[in-house]
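Per the working numbering: the sequence shown = residues 1 to 241. For reference, the structure discussed in these notes is given below.
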Amino acid sequence: MKLLVIFFAIIQQLVAKSLPSFLHVCNKSDPNLAECVTTAIEELRPYLVKGVPEFNIPSIEPLFMNELISEESGDLRIIANNVKTYGCSDFFVRGMKMNLDDQYYEIDIELPLLRIEAYYNVSGKVLMMPIRGEGPLQANVTNCRSRTVLKGELYDKNGETYIRYKEMTMHVIVGGGIAKVENLFNGDKFLNDMINDVINKNFDAFLLELMPVIERSLTAAFLEIANAIVAPYTFKQLYPH
Ligand SMILES: *[C@@H]1O[C@H](CO)[C@@H](O)[C@H](O)[C@H]1NC(C)=O
Ligand SMILES: *[C@@H]1O[C@H](CO)[C@@H](O)[C@H](O)[C@H]1NC(C)=O
Ligand SMILES: *[C@@H]1O[C@H](CO)[C@@H](O)[C@H](O)[C@H]1NC(C)=O
Numbered sequence: 001m002k003l004l005v006i007f008f009a010i011i012q013q014l015v016a017k018s019l020p021s022f023l024h025v026c027n028k029s030d031p032n033l034a035e036c037v038t039t040a041i042e043e044l045r046p047y048l049v050k051g052v053p054e055f056n057i058p059s060i061e062p063l064f065m066n067e068l069i070s071e072e073s074g075d076l077r078i079i080a081n082n083v084k085t086y087g088c089s090d091f092f093v094r095g096m097k098m099n100l101d102d103q104y105y106e107i108d109i110e111l112p113l114l115r116i117e118a119y120y121n122v123s124g125k126v127l128m129m130p131i132r133g134e135g136p137l138q139a140n141v142t143n144c145r146s147r148t149v150l151k152g153e154l155y156d157k158n159g160e161t162y163i164r165y166k167e168m169t170m171h172v173i174v175g176g177g178i179a180k181v182e183n184l185f186n187g188d189k190f191l192n193d194m195i196n197d198v199i200n201k202n203f204d205a206f207l208l209e210l211m212p213v214i215e216r217s218l219t220a221a222f223l224e225i226a227n228a229i230v231a232p233y234t235f236k237q238l239y240p241h
């Protein structure tokens, strides 16, 4: 009996899992393969919102990020902690080029609104005036367009071919946005509003500092999710042929 249990445990590890219903697979010889993969990605959306713990897929609403640091015009230093980003699942796939054998994907994605909530800590000078404070920070970043490149490879394990993704890069172009900090100067409304005004008049510079950090956090999260999704299945299960 014990031997039988061990035997089945080994067999289970050797044989790839059967496909879950949320994975929309695409025939390798589909003449519209890129469109099929686009649909497969869009059909993952509700599962990315809720997460699927049994498949190691975390919820991306919100997406948690590490510390963000922004240096603004040399005089102002903003550190944001506990950064939560909402809206990553509202993506539209606007274009897809892919090469199956090289596992190379070029995906154009649009994100209408990213809502960022964080806790900031700022110190520096604005208009010659020293400022220091901490409190909640909100930012809305609108009409983001990104070109995402995902590179992977096929590899063999136990005589079967699997996919693993090795690198993801993303370049986000932001349409616009607004940021709001609260609680500066012990809540003095006049001074606080003035700082918000300065930040928003320099929003492009603020974003220029912030976006590379956001891009790195997004790609790290999505690379891990992409691998969690494909790891249990063979190439042949994911792209039947
Ligand atoms: C904010 O920054 C100041 C100085 O840079 C530091 O003394 C303080 O501990 C920081 N507060 C938090 C909550 O990180
Ligand atoms: C961001 O957008 C949300 C939803 O549209 C809105 O409720 C919120 O007030 C906006 N935040 C800022 C800082 O404008
Ligand atoms: C994939 O498509 C090809 C060509 O349309 C077809 O011959 C083949 O049976 C399909 N394979 C699977 C597993 O659906």
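We put the beta carbon where it would ideally sit given N, CA and C, even for glycine.
query, result
"Does V49 pass the burial test, meaning 16 or more other C-beta atoms within 10 Å, or should it be called exposed?", "exposed"
"Which two residues bound the contiguous alpha helix (DSSP H) that contains M211?", "203-230"
"Whole angstroms is fine: what's the gap from N143's alpha carbon to N158's?", "45 Å"
"Beta-carbon distances below 6 Å to any heavy atom of ligand 2 define the shell here; list its residues in chain order, please.", "R115, Q138, N140, I178, K180"
"Using 8 Å as the cut-off, can you tell me whether the stretch 79-86 makes contact with the stretch 118-135, which would need three or more C-beta pairs spanning the two stretches below that distance?", "yes"
"Output the distance between the C-alpha atoms of R77 and G124, rounded to the nearest integer angstrom.", "6 Å"
"So, with DSSP's three-state summary, where would you put I60?", "coil"
"Check whether the Cβ of S29 sits closer than 6 Å to any heavy atom of ligand 3, and report yes or no.", "yes"
"How about F185: is its C-beta nearer than 7 Å to some C-beta of chain B?", "In the displayed structure, chain B is absent; only one protein chain is listed."
"Between E182 and E153, what straight-line distance do the alpha-carbon atoms span, to the nearest angstrom?", "47 Å"
"For the stretch 172-197, which segments carrying the beta strand (DSSP E) assignment without a break, of at least 3 residues, lie completely within its bounds, in sequence order?", "176-181"
"Taking C-beta to C-beta, are I173 and V93 nearer than 7 Å?", "no"
"State buried or exposed for T148, treating a residue as buried only when at least 16 other CB atoms are found within 10 Å of its CB.", "buried"
"Between the alpha carbons of L191 and E35, how many angstroms are there, rounded?", "52 Å"
"Apart from the five residues just before and just after I225, which ones in its own chain have a Cβ nearer than 8 Å to its Cβ?", "L48, I57, P58, I60"
"Please indicate yes or no: does the CB of P62 lie closer than 6 Å to some heavy atom of ligand 3?", "no"
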